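Trainee: The sequence shown begins at 60 in this note's numbering and counts up one residue at a time. Every residue gets a Cβ at the ideal spot worked out from N, C-alpha and C, and that includes glycine. The structure displayed is predicted, hence computed values, not measured ones.
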Amino acid sequence: MAHFATPNQSGSGLLNVISNFFASLWNASRQQAELDSRLRQMRKLEAMSDAELAKRGIARDRIAHHVFRDIYYV
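1. Return the CA-CA distance between R89 and A123, expressed in angstroms with no decimal places.
2. So R102 and L112 are supposed to be a Cβ contact under 8 Å. How far apart are they, rounded?
3. Could you check if V126 is buried or exposed, using at least 16 other CB atoms within 10 Å of its CB as the buried criterion?
4. Can you find the residues in the same chain that come closer than 8 Å, C-beta to C-beta, to R97, ignoring five residues on each side of it along the sequence?
5. Please report how far the alpha carbon of M107 lies from the alpha carbon of K114, in whole angstroms.
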């Protein structure tokens, strides 16, 4: 039978908790920035005329689908 000795890593546990906390904050701010960018794109498209949207191949009622097409299947 083999025996393994594992060192006590209680100090690194706290470091992991702190690291995970800041990683979560970073991810949340990144997601917020991405959402803001998408909302700006939606406003820009909504301000266009139907003819301008048609040139881009987008129907007015499909603007949200177009803007979020890569992350949501709507």
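Mentor: Based on what the coordinates show:
1. Going from the Cα of R89 to the Cα of A123 covers about 20 Å.
2. With a beta-carbon spacing of about 13 Å, R102 and L112 fall beyond the 8 Å limit used to define contacts.
3. Buried, by the Cβ-count rule.
4. If we look at R97 and ignore the five residues flanking it on each side, its Cβ neighbours are V126, F127.
5. Distance between the alpha carbons of M107 and K114 is about 11 Å.
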